[in-house]
Amino acid sequence: MLEIEIKVRVSTIEEIKKRIITIGGEHSETVVEEDQYYNAPHRDFAITDEASRVRSAGGKIILTYKGPKNTLLGSKIREECNVQVNDAEIFDTILKNLGFRPVAHVRKLREYYGYQDFSIALDKVDQLGEFVEIELITENDVENAAKRVDELAEKLGVVGERISISYLELLLSKH
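Using our numbering, the first residue of the sequence shown is number -14, and each one after it goes up by one.
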């Protein structure tokens, strides 16, 4: 699966939230997401542009691998694989015993919205501010998906510089 996504820093998410509801978007959940990122023992993810994280949110724990980023029409495109795990602490121990090392912790309040086949996230990220992410998942129609993401962003008034780096990279660049 390929994730087609844009991320834009906004001064406030409240106007975007109203527009999502106005066009027929539906709120699905609001959760605090705690993301622990790891680096691999056999290669440096900062160099290879990959990511490995364990996310705890809403009682679920998800291990995610993200492949290197590409861009198309201003959208970020990357492979993403997810699997649910039962216990974050035990999994942390497993990763550390395999040589993975914790890199950083990212915490955010995320409001999820659905609109058609889009996923929209309104994020308040500790130490970074407020952001809007618009995402589509596709098997192979990357160009059309990127155009559709652009169209929805315009419709919602999500304007400004598109951020192609992750919250992890933003946080690490601050320190």
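Note that CB positions come from ideal geometry on N, CA and C, so glycine has one too.
If I'm right that residue i touches residue j with Cβ under 8 Å, what's the distance once you round it to whole angstroms?
i      : j       : result
Glu96  : Leu83   : 34 Å between Cβ atoms; not a contact.
Ile150 : Ile(-9) : The Cβ separation is near 12 Å, so there is no contact.
Leu48  : Phe76   : 7 Å
Ser41  : Tyr23   : Incorrect: roughly 14 Å between the Cβ atoms, too far for contact.
His12  : Tyr98   : 6 Å
Figure out for me which residue from the options has the closest Cα to the Cα of residue i.
i       : options                           : result
Val143  : Lys2, Val91, Asn24                : Lys2
Asp102  : Gly52, Phe116, Asp20, Thr123      : Thr123
Gln21   : Leu153, Thr(-3), Gln112, Ile(-11) : Leu153
Lys140  : Ile5, Met(-14), Leu(-13)          : Ile5
Pro53   : Thr33, Ile79, Ser60               : Thr33
Arg(-6) : Asp126, Val110, Leu137            : Val110
Glu14   : Gln69, Ile8, Gly59, Leu94         : Leu94
Run through the DSSP bridge pairs and tell me what residue i is partnered with.
i        : result
Gly142   : Note: Gly142 sits in no beta bridge, so no partner.
Glu(-12) : Arg63, Ile122
By Cβ distance below 7 Å, which residues in the same chain neighbour residue i in space, the five residues on each side in sequence not counted?
i       : result
Ile(-2) : Leu107, Glu115, Val117
Leu121  : Ile(-11), Asp102, Phe103, Ala130, Arg133, Val134
Thr56   : Ile62, Ser149
I'd like the list of long-range same chain contacts for residue i, defined as Cβ closer than 8 Å, with 5 residues on each side in sequence excluded.
i      : result
Gln112 : Leu156, Lys159
If you follow the beta strand (DSSP E) that residue i is in, where does it begin and where does it stop?
i      : result
Lys45  : 45 to 51
Asn24  : 11 to 24
Leu121 : 114 to 123
Ser37  : 36 to 42
Tell me which residues share the same chain as residue i and place their Cβ nearer than 6 Å to its Cβ, disregarding the 5 neighbours each side in the sequence.
i     : result
Glu64 : Gly52
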